[in-house]
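Residues in the sequence shown are numbered consecutively from 182, following this note's numbering.
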Amino acid sequence: MDKVVASAAQAVADIPAGAQIAVGGFGLVGVPQVLIRALRDAGVGDLEVISNNAGAGDFGLGMLLNTKQIRRMIASYVGESKEFARQYLEGELEVELTPQGTLAEKLRAGGAGIPAFYTITGSGTQVAEGGMPWKYAADGSVEIESPPKDTRVFDTFGSEHTYVLEESLAPDFALVRAAVGDRHGNLVFHRSARNFNPPAAQAARVTIAEVEKLVEPGEIAPDEVHLPGVFVHRVVELTAEQAADKNIEKRTVREA
């Protein structure tokens, strides 16, 4: 089945207001910039977005933050976006901070059909006990706080430990970026751009991938496929200019 669509705008056209969307990328690496821009231009709002981080400035999810199209974020690291911090602290944005490994596993479990799992991460903290501020009111008080989670004691490695029950994530849509993709949706990621893209794609009901290079079915050797096409529903081929649009989060150079 040929899954290639004509444009990013067409690929995201059916994403409704209020949708839950997983977005691949880590920092500014492997971010589906073109699809995010298309979603911004579509004007879809009230979104709940699952992503490791929230972009920086006007790159990545920063585009949707700047236009206030995101209502809620489930994220791990948010320290590179001043606008994110402002919206959160002023009560304009709800934020569920999640340990990074837990976030990855919540997506992986969702893709595997596992509804929940136990992890020791967060045990004995507000992650398990509740009370983390998810949303502030305009006056600075806490409007919504995280609820306590179920815990259970397991005897592991010869001693007892308390584990936290985490529910998996199965978003409505996922936006991901790959280095190479074929018309059947098989994807290859370039090095660290693999990051959160595969688990986000596997967890979603509808996955949309932008690819820097489009090839014909059979051109990607089976052993080189990082994400099978069964998890991908739409493919957008990027132009050379779009594929080259990659920012560096923090540039460090030696003195001459």
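No residue lacks a Cβ here, since even glycine has one placed at the ideal position from N, Cα and C. All values reported here derive from a predicted model rather than from experimental measurement.
- CA-to-CA, the gap between H371 and A421 works out to about 16 Å.
- Between A381 and L288, the C-beta spacing is below 7 Å.
- Using a 10 angstroms sphere on the CB of E391, the tally of other CB atoms reaches 16 or more, which defines it as buried.
- The criterion of a C-beta distance shorter than 7 Å is not satisfied by I301 and Y258.
- Non-local C-beta neighbours of M244 in its own chain, meaning closer than 8 Å and more than five positions away in sequence, comprise I217, R218, R221 and G236, ordered along the chain.
- Excluding the 5 residues flanking it on each side, G282 has same chain C-beta neighbours closer than 7 Å at T302, in chain order.
- One Cα belongs to A198, the other to L228, and the distance between them is close to 6 Å.
- In the three-state reduction of the DSSP assignment, P403 falls in the helix class, which pools H, G and I.
- In the DSSP assignment, G292 falls within the alpha helix (DSSP H) that extends over Q281 to A293.
- The beta carbon of A424 sits closer than 6 Å to those of E393, all from its chain and outside the five residues before and after it, given in chain order.
- Boundaries around L246 are those of the alpha helix (DSSP H), G243 to N247, since no beta strand (DSSP E) includes it.
- Proximity to P329 across G362, I389 and M313 peaks at M313, based on C-alpha coordinates.
- S262 and G311 have their C-alpha atoms some 25 Å from each other.
- The way I'd put it, the stretch 399-417 does touch the stretch 355-365; three or more beta-carbon pairs between them come closer than 8 Å.
- Within its own chain, the residues whose Cβ lies closer than 8 Å to the Cβ of E326, once the five positions on either side in sequence are excluded, are G311, G312, M313, P314 and W315, listed in chain order.
- Beyond the five residues adjoining it in sequence on each side, V417 comes within less than 8 Å, by CB distance, of V185, V186, S188, A189, A192, V215, L216, I389, A390, E391 and V392 in the same chain, given in chain order.
- In the same chain as G208, and ignoring 5 residues on each side of it, the C-beta atoms closer than 7 Å to its own belong to N234 and E430, in chain order.
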